[in-house]
Amino acid sequence: MTDLAQWLSTQTRDDNLASVVRSMAASGAEIAAVLRQAPIAGQTGLAGATNVQGEAQKALDLISNDIVLNHLRQNPQVSILVSEELDEAVHMSSQGGYIVATDPLDGSSNLDVNVTVGTIFSVLASAGGPLQKGSNQLAAGYVSYGPATSLVVRIAGDTSVFTLDADGIWRLILARAAIPQASGEFAINTARERFWDAATRAYVAESVAGETGPTGKRYNMRWVGSMVADIHRILMRGGIFLYPLDSETLSKGGRLRLLYEANPMAWLVEGAGGRSTTGQQGILDVAPQDIHQRIPVILGSAEEVARVEAWYGRG
C-alpha cells in the first residue's frame, strides 16, 4: 500500500515542499498520540488564556500549537508560521522557501465530549508573504482525529486521503476524492437562524421543504461544530457546509479565518470537484488584508453551492 513519502514523490518534484508536508503530517501523528492520552492526563479543559480572536483556549490548543511549532522549527524550509493560537506570525528560517498557516486544533470545544477534532494547514511560497490569495497555495491539508486518524492533502492535482496505521505510517486509502455534484445533506448551525441573511434563509427553507419543495428531494441536516469533521464527511459523500456572513458576525467580516481555515478547505474541496464561495466571490480569490482575517464560508457539492450563489445573485 502506498505511503505518504511515495505519494509525495508522484505529486511534486520539489523535495523542499514535500518536506513541509511531511513535517505537518508528523505533527498530526504526534498530536493524535497526545489526544489519545488527554483524558487520562486531564488535558481536555481550558488553559485559562484567550487567543487573538478572544476565544478561550483549551490546554490542548496550546499543546498542539507547540507540537506544530517544534516540527516546523526543525525544518529549514519554513520561513514563517501563522497560527490561530499566536497573535503574530513567527519568523523561522531566513532561507526557508515556504510559509505555513495553521489551525493546530480545530473544533477543540468538542474535546471534553470526545468528538472529532482536527489540524488544518496551508502552504504558500515565502516570496509572496503570508497575505496571498488562496489560489496561490502550493499545498494544503488537514488531519482528522476521529475513529481513525486521517490525513487529507492536495498539492497540485487531486485531493488524496491517508490513514495513520498502527506503526505510525500514513497509508494512502483514496488517491482521488470525488465530491458528488449534488447531495441531500447540508451542514449549518440552525441555532443562528435569527442572524441569517435572506440568501441563507431561502436556501435552507427550500432544502427542508423536501420532496414537496422546489428541489423535489429530501435533505438531512448535519452539524458537528468541528469544521474538519463536517468537511471530511462532505469530501467522502457530498453535501454543503455553510458558515455565512450574518448580522452578528457582520462587523468581523465572518466567523471563520481565511488563511488557515477557509483557504485550505476550499483548496481541498475544489481539488475534489466541489466549489467554494463567500456568497459574493470565490474563497480562493479573496485578497487577505490581515493574517487573522475572517470571511463567510460556503463550500461543498458544486450544484448545492451554485444554488446558494443563485440566491445571493437575486439579492
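Sequential numbering of the sequence shown, starting at 473, is according to the numbering used here.
Where a beta carbon is used, it is the ideal one built from N, C-alpha and C, also for glycine.
Per-residue burial, residue 613 [other beta carbons within 10 Å of its own, 16 or more giving buried]: Here residue 613 is buried: its Cβ has 16 or more other Cβ atoms, across all protein chains shown, within 10 Å.
Cross-strand partners of residue 475 (DSSP beta bridge): Answer is 643.
Cβ neighbour criterion (16 or more within 10 Å) applied to residue 729: Buried, by the Cβ-count rule.
Check whether residue 591 and residue 495 have beta carbons under 8 Å apart: No, the pair does not count as a contact, with Cβ atoms beyond the cut-off.
Residue nearest to residue 686 in terms of C-alpha spacing, selected from 625, 676, 611: Nearest to residue 686 by C-alpha distance, out of 625, 676, 611, is 676.
Pair within 8 Å by beta-carbon distance, residue 737 and residue 714: Residue 737 places its beta carbon 8 Å or farther from that of residue 714.
Enclosing beta strand (DSSP E) for residue 632 [first to last residue]: For residue 632, the enclosing beta strand (DSSP E) starts and ends at 631-636.
C-alpha gap between residue 628 and residue 596, whole angstroms: For residue 628 and residue 596, the distance between alpha carbons rounds to 12 Å.
Cα-Cα separation, residue 653 to residue 783: Each residue's Cα considered, the two are about 18 Å apart.
Cβ contact (3+ pairs, closer than 8 Å) linking the stretch 666-681 and the stretch 558-575: Contact fails: fewer than three Cβ-Cβ distances are below 8 Å.
Cβ-Cβ distance between residue 620 and residue 633 below 8 Å: The answer is no: Cβ separation not under 8 Å.
Expected contact under 8 Å - CB spacing of residue 533 and residue 580 to nearest Å: Indeed, because the Cβ distance is near 5 Å, the residues count as touching under 8 Å.
DSSP state of residue 728 mapped onto helix, strand, coil: In this structure, DSSP gives residue 728 an extended state, which the three-state scheme calls strand.
DSSP three-state assignment for residue 715, whether helix, strand or coil: In this structure, residue 715 counts as strand in the three-state DSSP scheme.
Residue 784, DSSP secondary structure in three states: In this structure, residue 784 counts as helix in the three-state DSSP scheme.
Contacts around residue 631, its chain only, beta-carbon distance under 6 Å, and the 5 residues preceding and following it disregarded: Excluding positions up to five away in sequence, the list reads 649, 740, 743, 744.
For residue 616: DSSP bridge partner residues: In the DSSP assignment, the residues bridged to residue 616 are 590, 622.
Top-ranked residue by Cα proximity to residue 644, from 669, 512, 704, 622: Per the C-alpha coordinates, the member of 669, 512, 704, 622 positioned closest to residue 644 is 622.
Pick from 641, 731, 721, 711 that is closest to residue 669, judged by C-alpha positions: When only C-alpha atoms are compared, the closest one is 721.
Supposed close pair residue 731, residue 610 - CB separation, criterion 8 Å: That pair is no contact at about 14 Å.
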